[in-house]
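Below: the structure, in structure tokens.
2 protein chains.
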Amino acid sequence: MPDILHRVGINASPERVFKSLTTLDGLRGWWISETTGDPGLGGTIDFGFCQMKVVEAIPDQLVRWRCVQGPEEWVGTEVSFALIWKNEQTFILFKHANWKEPVEFMHHCSTKWATFLLSLRDLLETGRAHPTPNDIKIHVGD
Amino acid sequence: MPDILHRVGINASPERVFKSLTTLDGLRGWWISETTGDPGLGGTIDFGFCQMKVVEAIPDQLVRWRCVQGPEEWVGTEVSFALIWKNEQTFILFKHANWKEPVEFMHHCSTKWATFLLSLRDLLETGRAHPTPNDIKIHVGD
Chain G
1 MPDILHRVGI NASPERVFKS LTTLDGLRGW WISETTGDPG LGGTIDFGFC QMKVVEAIPD
61 QLVRWRCVQG PEEWVGTEVS FALIWKNEQT FILFKHANWK EPVEFMHHCS TKWATFLLSL
121 RDLLETGRAH PTPNDIKIHV GD
Chain U
143 MPDILHRVGI NASPERVFKS LTTLDGLRGW WISETTGDPG LGGTIDFGFC QMKVVEAIPD
203 QLVRWRCVQG PEEWVGTEVS FALIWKNEQT FILFKHANWK EPVEFMHHCS TKWATFLLSL
263 RDLLETGRAH PTPNDIKIHV GD
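Residue numbers (this note's numbering), protein chains in the order written: chain G, 1 to 142; chain U, 143 to 284.
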């Protein structure tokens, strides 16, 4: 099954990156401004257009979500963020796994994830991020 | 074999997008400023860090390159740009196919391709693109 893969390097500690993935303030800061729910291990996060169950959360190392509600193509897929400290930065190895088919929407989501991971980088490095609804647009009418 | 997929929508005709993929001026404008070689069908384009042979070029519809020299992980991979006009814009369905393994460098390239496709969009919509060496940086030291 095809996966979306990305990597960004952030001038911030793994602790700060982990916090931005596991707190409402963090998630609201770089992905979806209206995020609610419980971003801790075992909780379910409500991003509005989708809900993610937190199935793994190893402090400062790994966060993994399973999509339990949302776009049909997303339900059952998993999103993971592996954090690796090297070369004086925290690298995020990102994966959105288990898509059934490489549909056009998957192409769209791949590009969109890149912009959100850079938004996360910008949040931590400069405080100037672009979460939805101020997200980077990637097509006319996005 | 894993692929990198992306999609952007551009407020420009398929003709203009195709031209930006098949001329030196176009390629220099959004990807690599120092591009040389022959970007026409059957030609080989020299992007400095890699060389791509143009194996398919269907006017205003499709461009496909094969990497014939460059990073070890890239040699033999194929990069394609399918152009689709819908909803008053040209969508590029991008694929960098035939990676042997989903190595960390593939994660990096996936994010980087997203920034370059948005650079192409910006070139055609506003004239303000960011080709290498003025590319969007995605990690410390990029």
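Ideal Cβ placement from N, Cα and C applies to all residues, glycine included.
Being a predicted model, the structure only gives us computed values, none of them experimental.
Can you give the Cα-Cα distance for residue i and residue j, rounded to whole angstroms?
i	j	result
Pro131(G)	Ile32(G)	5 Å
Thr77(G)	Gln51(G)	11 Å
Ile4(G)	Pro181(U)	29 Å
Thr186(U)	Lys279(U)	27 Å
Phe189(U)	Ala82(G)	32 Å
Val17(G)	Gln231(U)	36 Å
Lys100(G)	Asp60(G)	30 Å
Asn11(G)	Ala129(G)	15 Å
Glu56(G)	Thr178(U)	48 Å
Arg28(G)	Ser155(U)	36 Å
Asn98(G)	His148(U)	17 Å
Glu176(U)	Met1(G)	37 Å
Phe91(G)	His250(U)	10 Å
Glu15(G)	Val68(G)	27 Å
Leu93(G)	Trp65(G)	14 Å
Ser222(U)	Asp135(G)	27 Å
Ile84(G)	Lys95(G)	14 Å
His139(G)	Leu266(U)	13 Å
Leu183(U)	Val196(U)	5 Å
Trp30(G)	Trp172(U)	26 Å
Quick one: what does DSSP say residue i is sitting in, helix, strand or coil?
i	result
Phe223(U)	strand
Leu183(U)	coil
Phe91(G)	strand
His238(U)	strand
Thr253(U)	helix
Arg270(U)	coil
Val217(U)	coil
Val282(U)	coil
Val8(G)	strand
Around the Cβ of residue i, are there at least 16 other Cβ atoms within 10 angstroms (buried) or fewer (exposed)?
i	result
Gly168(U)	buried
Met106(G)	buried
Val63(G)	buried
Thr126(G)	exposed
Lys228(U)	exposed
Asp284(U)	exposed
Pro133(G)	exposed
Gly9(G)	buried
Ile200(U)	exposed
Phe191(U)	exposed
Val103(G)	exposed
query: Can we say the segment 209 to 227 of chain U touches the segment 110 to 120 of chain G, given the rule of at least three CB pairs closer than 8 Å?
result: no
task: Spell out a yes or no on whether the segment 158 to 165 of chain U and the segment 242 to 255 of chain U are touching, meaning 3 or more CB-CB pairs, one atom from each, closer than 8 Å.
output: Taking one beta carbon from each stretch, the segment 158 to 165 of chain U and the segment 242 to 255 of chain U have fewer than 3 pairs nearer than 8 Å; the two do not touch.
query: Can you list, in chain order, the stretches of the beta strand (DSSP E) that have 3 or more residues and sit fully within the segment 162 to 211 of chain U?
result: If we require 3 residues or more, the beta strand (DSSP E) runs fully inside the segment 162 to 211 of chain U come out as 186 to 188, 193 to 200 and 204 to 211.
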